[in-house]
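Going down the list, the sequences are from chains A and B. Anchor point for the first sequence: position 573 equals 573 in my numbering, and the numbering is continuous, going up by one each time. Position in the second sequence (from 1) plus 1000 gives the number in my numbering. Cβ atoms here follow ideal geometry from the backbone N, Cα and C, with glycine treated the same way. These figures come from a predicted structure and were not determined experimentally. Below is one structure, written out as structure tokens, with a few remarks after it.
There are 2 protein chains.
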Amino acid sequence: MPNDQISQLDKIRHSTAHLLAHAVKELYPDTVLTIGPPTKDGFFYDFLPKTNFRDEDLPKITQRMKEIAERDLALTHKQIPKAEARKIYKDNPFKLELIDLIPGDTVGLAQQGDFDDLCKGGHVKSTGQLKNFKLLHISGSYWRADRDGQPLQRITGTAFATPKELRMYEKRVEEAQKYDHRKLGKQLDLFSFVQEGVGFPFFHAKGQRVVQLLKDDLRATLNKQNYNEIATPIMLSDDLWKQSGHYAHYKDNMFLSEIDEKSYAIRPMNCPGAILTYKERPRSYRELPLKLSEFGLVHRYELSGVLHGLFRVRSFTQDDGHIFCMPNQVEDEVLDTIKAIEKTLKKFGFNNITVALSTKPDNAMGSDAAWESAILSLKNALDRSDLKYVIQEGEGAFYGPKIEFGIEDSMGRSWQCSTVQLDFCNPKNFDLSYIAPSGQKEQPVMIHRAIYGSMERFFGILLEHFKGNLPFWLAPIQVKLLTITDDQKDYAQKIMHQLQEHNIRVAMDESSDPISGKIKTAQLEKVPWMLVMGQKEMDNNTITLRYRNGKQEFGLSLQDVLAKTKKYNDEYII
Amino acid sequence: MPNDQISQLDKIRHSTAHLLAHAVKELYPDTVLTIGPPTKDGFFYDFLPKTNFRDEDLPKITQRMKEIAERDLALTHKQIPKAEARKIYKDNPFKLELIDLIPGDTVGLAQQGDFDDLCKGGHVKSTGQLKNFKLLHISGSYWRADRDGQPLQRITGTAFATPKELRMYEKRVEEAQKYDHRKLGKQLDLFSFVQEGVGFPFFHAKGQRVVQLLKDDLRATLNKQNYNEIATPIMLSDDLWKQSGHYAHYKDNMFLSEIDEKSYAIRPMNCPGAILTYKERPRSYRELPLKLSEFGLVHRYELSGVLHGLFRVRSFTQDDGHIFCMPNQVEDEVLDTIKAIEKTLKKFGFNNITVALSTKPDNAMGSDAAWESAILSLKNALDRSDLKYVIQEGEGAFYGPKIEFGIEDSMGRSWQCSTVQLDFCNPKNFDLSYIAPSGQKEQPVMIHRAIYGSMERFFGILLEHFKGNLPFWLAPIQVKLLTITDDQKDYAQKIMHQLQEHNIRVAMDESSDPISGKIKTAQLEKVPWMLVMGQKEMDNNTITLRYRNGKQEFGLSLQDVLAKTKKYNDEYII
Chain A
1 MPNDQISQLD KIRHSTAHLL AHAVKELYPD TVLTIGPPTK DGFFYDFLPK
51 TNFRDEDLPK ITQRMKEIAE RDLALTHKQI PKAEARKIYK DNPFKLELID
101 LIPGDTVGLA QQGDFDDLCK GGHVKSTGQL KNFKLLHISG SYWRADRDGQ
151 PLQRITGTAF ATPKELRMYE KRVEEAQKYD HRKLGKQLDL FSFVQEGVGF
201 PFFHAKGQRV VQLLKDDLRA TLNKQNYNEI ATPIMLSDDL WKQSGHYAHY
251 KDNMFLSEID EKSYAIRPMN CPGAILTYKE RPRSYRELPL KLSEFGLVHR
301 YELSGVLHGL FRVRSFTQDD GHIFCMPNQV EDEVLDTIKA IEKTLKKFGF
351 NNITVALSTK PDNAMGSDAA WESAILSLKN ALDRSDLKYV IQEGEGAFYG
401 PKIEFGIEDS MGRSWQCSTV QLDFCNPKNF DLSYIAPSGQ KEQPVMIHRA
451 IYGSMERFFG ILLEHFKGNL PFWLAPIQVK LLTITDDQKD YAQKIMHQLQ
501 EHNIRVAMDE SSDPISGKIK TAQLEKVPWM LVMGQKEMDN NTITLRYRNG
551 KQEFGLSLQD VLAKTKKYND EYII
Chain B
1001 MPNDQISQLD KIRHSTAHLL AHAVKELYPD TVLTIGPPTK DGFFYDFLPK
1051 TNFRDEDLPK ITQRMKEIAE RDLALTHKQI PKAEARKIYK DNPFKLELID
1101 LIPGDTVGLA QQGDFDDLCK GGHVKSTGQL KNFKLLHISG SYWRADRDGQ
1151 PLQRITGTAF ATPKELRMYE KRVEEAQKYD HRKLGKQLDL FSFVQEGVGF
1201 PFFHAKGQRV VQLLKDDLRA TLNKQNYNEI ATPIMLSDDL WKQSGHYAHY
1251 KDNMFLSEID EKSYAIRPMN CPGAILTYKE RPRSYRELPL KLSEFGLVHR
1301 YELSGVLHGL FRVRSFTQDD GHIFCMPNQV EDEVLDTIKA IEKTLKKFGF
1351 NNITVALSTK PDNAMGSDAA WESAILSLKN ALDRSDLKYV IQEGEGAFYG
1401 PKIEFGIEDS MGRSWQCSTV QLDFCNPKNF DLSYIAPSGQ KEQPVMIHRA
1451 IYGSMERFFG ILLEHFKGNL PFWLAPIQVK LLTITDDQKD YAQKIMHQLQ
1501 EHNIRVAMDE SSDPISGKIK TAQLEKVPWM LVMGQKEMDN NTITLRYRNG
1551 KQEFGLSLQD VLAKTKKYND EYII
């Protein structure tokens, strides 16, 4: 990769990774270095230390990095023969392995002062330019991400071009920590985890309510698009994953069990269920497009170290869709899917949707003609939609091109949730067919699509995005009734029943707290609306509506409140 | 068991089993006899034949049974010393094993003509009394139901006291076969099974819709009773089942998997999820009763030979409920549960509900006082309900008394679905507690309850009970629009959208079939209502409503139809 293609930010981050390794080498000379690339959010360096680093070591390392930066050492980079590199790194098995892996006869060597590192290049001019960095945390990793390989220690950090950008980053992180969905999940009694099921979420009543609401809302959208919701087994013969080609790559992430001496997979994806449903009887072109949706529970093994609240779990529900159609139907189906995605994401205020179309990779299966026609269909669908998109040349899966949708949350962070993926392979692997108008058997195209992606992860994103203040339509309790004294209890009961009749999710504060205490409790619960009722309200047959932001409306009738609930529900108002 | 406690019907059936064995011995002298008891629906006899019996052999065996009956042989029964019995059955290892198992020094021997059989008694006087019997089918079985044991062949039959009863039975069976839910499931496109997942149902769109409707209807009932719906993992450490005591008895029926070198169970029941949810934080008496419900997917190993459509599967969803309460709350909670059960079952026309209360068994855990008080609570709850009940002395589970609810379907068959089970053990095994008003830690009582039981099985029962004609509120398609010519398509579209606005599940017959063909198709699909629209209806802005039984109503307005849909939905009309 020529240097001029590396962004200035990546140069800073990559150079800061060298700076980190340099500092570690000076402080702990016995540490073995491995690799230290820039990342989307900063950089990391993986070490094999003599004694494990602890969080308390980070300030000392940071201090030494600053000292080396002040020395303002020039960063140089040159190509050297592999034989010479092997001599330099004769005691470092990782670097020796890397040297073998790099094609050609030479490798790059970066130097600053008496520190050197194997490196393909992309640096700032001198260490003096590295001023705005921060070490973040220490975690476990494995050499070449192979969990059967050598365990290493990773120090992660970030760096920016200006102090202002670093400060903004720190503020974002601070806010994200404050509204960490794991914290909110506990505070709002939404979900929990236990040691008897590492990575498997337990949804409490309020969390399960949110999941149900997310499902029901999407169901309504899919119904209008003539989807058929199916429910298929969560265990099936592992032969199916051998047939789909997943087994070879994915076996280590699959949970297996045995039935009648046959090996079964606890499904890591839902496709085989949809495929077998398609194959359940012969299909005619008249049935196409056949759109099967499933809220499919999947299980995937993940290292316990990478598990992270609802963001990374070992069991989750995908809002999966599989569309079986004729090639000439792809464009319309993809457009419909894009519309469903856009409509759904905008309900949560995700108005800044980024779209990337990934095209044919080097290892592609299927004919050039099929790829060209498929990519054209995807482009046409995107052109007919409201969304702007970029093209990621050669980034498609080997089995077909795909479109990925990114959203930006309220803290400026990007998330990838929705995807549309064309699949030329599985129709072939599973010998899918339909009877064409000609009477001949033809092979359908298969489109995989997800809108939320993982419902658990999407829920976690929503919690942080809304800082726990779920929109009215999605709040497990929408309205809480607070009486100033017990005298208004009957009045409040009557109003509660009316609201329940209209399917509003209500609760009454039955405590004997003063009204200020009741308001505080409801605010901690982040209930969207409080209906406050005192003697005055009761005498005038009115209600005071207090929003969770403190804003109040007085003298509302029950009809006013009901009309408002309908508006808030229908228009997805927060 | 003294003879006078055996019903006359059981005597007839048991004697007919002897008659069957006698005929088999005469026709196939090399056949080894094992056992042949009466059952709820008839009798069976398990044989080890020299050459396997085939269905074609049944008429020949039946003919010989009739001949032996005509011989009118007297049936005698006497006690003989075990030593003598061992001599008689020296070549029959099964009978020898039985002789060892029978307590005491003597065993019973039944004789008719030159045929004898080991038998504890309970016969008619002579074979001439055995006139109204029928052999039904041949199936595989195992000696002492041990699947690692000797495979046997079972011939199943039935017998009655009068020819009329036998005819009625045959008619019922014929009807049940005609409306076999497996047949209906295929015909109505509701569900299917595949060889890649033996015993795991695939719900097609229409079947999944019915399951969802059943869930949603129950959810509304449970909401009113302040249930908290949770969703817990379907895999958890098998330690939990060791702790609950299930593992020891139930291990062979559990699917296991491994995660991070720990053994996980794919849950065969949902209790541990509810228990861990209860334990998630300290509980106060103020939170009790805490009612947790879960539509919990469970997996249980069953021999492939006993799998039977949706009636017996390897994965199913229980509408599980766990109530954690104080002892003095049991009565009210059980009464509420009984009411929910009664209300739910009656929606399907199951008006004849039988109830049995099972009391303390010999191997009971827990103190006498706890049992007495619990049984009293259950009795009081039952006495306060509308339902009559019988007491099954000593039939409770070792961990608590239970109430079982039976229903009778439209073909007169009985099914047990709903249960309420008290549990003294798990609160102890899992060290559950709550802070009582006194400030002391106390142990809650746990009530397990299910209303549908297995949703899959209940669905199967409903299909047969309604002969496929699901009630209006439960039909996947409620209304089908049929136009006499294409001229009425626009008119029909307008009406369809109006119905959809009111959440009615509608479909339009888009074919170019004549109206008679469209009606026939809708009838095969068992759609409750057809809305027929011709030129006359369009001109008058009316609709003809045709019910699936052929009855018609003419000249209805759209408002009439909408009012009727509401009535049919709300009142659970078929």
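Quick check on residue i: does DSSP put it in helix, strand or coil?
| i | result |
| --- | --- |
| D1368 (chain B) | helix |
| Q150 (chain A) | coil |
| P201 (chain A) | coil |
| Y1278 (chain B) | helix |
| Q478 (chain A) | coil |
| M1 (chain A) | Bear in mind that a pLDDT of 30 at M1 (chain A), under 50, signals an unreliable position, so the number given afterwards is only what the model happens to contain. Here M1 (chain A) sits in coil by DSSP. |
| M1065 (chain B) | helix |
| G245 (chain A) | coil |
| A1017 (chain B) | helix |
| Q488 (chain A) | helix |
| A1507 (chain B) | strand |
| H502 (chain A) | coil |
| K120 (chain A) | coil |
| V1420 (chain B) | strand |
Flag residue i as yes if its beta-carbon sits less than 8 Å from any beta-carbon of chain A, otherwise no.
| i | result |
| --- | --- |
| T1521 (chain B) | no |
| N1540 (chain B) | no |
| Y1278 (chain B) | no |
| S1192 (chain B) | yes |
| T1232 (chain B) | yes |
| Y1301 (chain B) | yes |
| D1260 (chain B) | yes |
| S1244 (chain B) | no |
| L1256 (chain B) | yes |
| F1202 (chain B) | yes |
So, for residue i: in the same chain, excluding its five sequence neighbours on each side, which residues have a beta-carbon less than 6 Å away from its beta-carbon?
| i | result |
| --- | --- |
| L1222 (chain B) | S1293 |
| N1352 (chain B) | E1408 |
| G1305 (chain B) | G1140 |
Bridge partners for residue i per DSSP, in chain order?
| i | result |
| --- | --- |
| I1234 (chain B) | DSSP, once it has assigned bridges, lists no residue as partnering I1234 (chain B). |
| R1546 (chain B) | B:M1530 and B:Q1552 |
| A74 (chain A) | A:S126 |
| M496 (chain A) | Paired residues: none, contrary to the question. |
| V1032 (chain B) | B:L1048 |
| P268 (chain A) | Beta-bridge pairing links P268 (chain A) to no other residue. |
| L1292 (chain B) | B:N1228 and B:H1322 |
Less than 8 Å between CB atoms is the rule here; does residue i satisfy it with respect to chain B?
| i | result |
| --- | --- |
| Q478 (chain A) | no |
| V211 (chain A) | yes |
| S237 (chain A) | yes |
| E240 (chain A) | Strictly speaking, residue 240 (chain A) in this sequence is Leu, with Glu absent from that position. Yes, L240 (chain A) lies at the interface with chain B (some Cβ there is under 8 Å from its Cβ). |
| E333 (chain A) | no |
| E571 (chain A) | no |
| S377 (chain A) | no |
Under 8 Å Cβ to Cβ from residue i, same chain only, skipping five residues before and after it: list those, please.
| i | result |
| --- | --- |
| A522 (chain A) | K480, L482, D509, M530 and R548 |
| T1359 (chain B) | W1371, I1375, I1391, Q1392, E1393, G1394, E1395, G1396 and P1401 |
| Q535 (chain A) | I484, T485, D487 and Q488 |
With a CB to CB cut of under 7 Å and the five nearest residues on each side skipped, what residues in its chain are close to residue i?
| i | result |
| --- | --- |
| D189 (chain A) | H204 and K206 |
| I451 (chain A) | L218, D319, A340, I341, T344 and S418 |
| I1234 (chain B) | I1266, R1267 and L1297 |
List, from N- to C-terminal side, the alpha helix (DSSP H) runs of 4 residues or more that fit wholly inside the segment 1319 to 1398 of chain B. 1330 to 1347 and 1368 to 1384
Next on the checklist: Which runs of the beta strand (DSSP E) at least 3 residues long sit entirely within the segment 70 to 116 of chain A? Give them in chain order.
Outcome noted: 75 to 81 and 106 to 112
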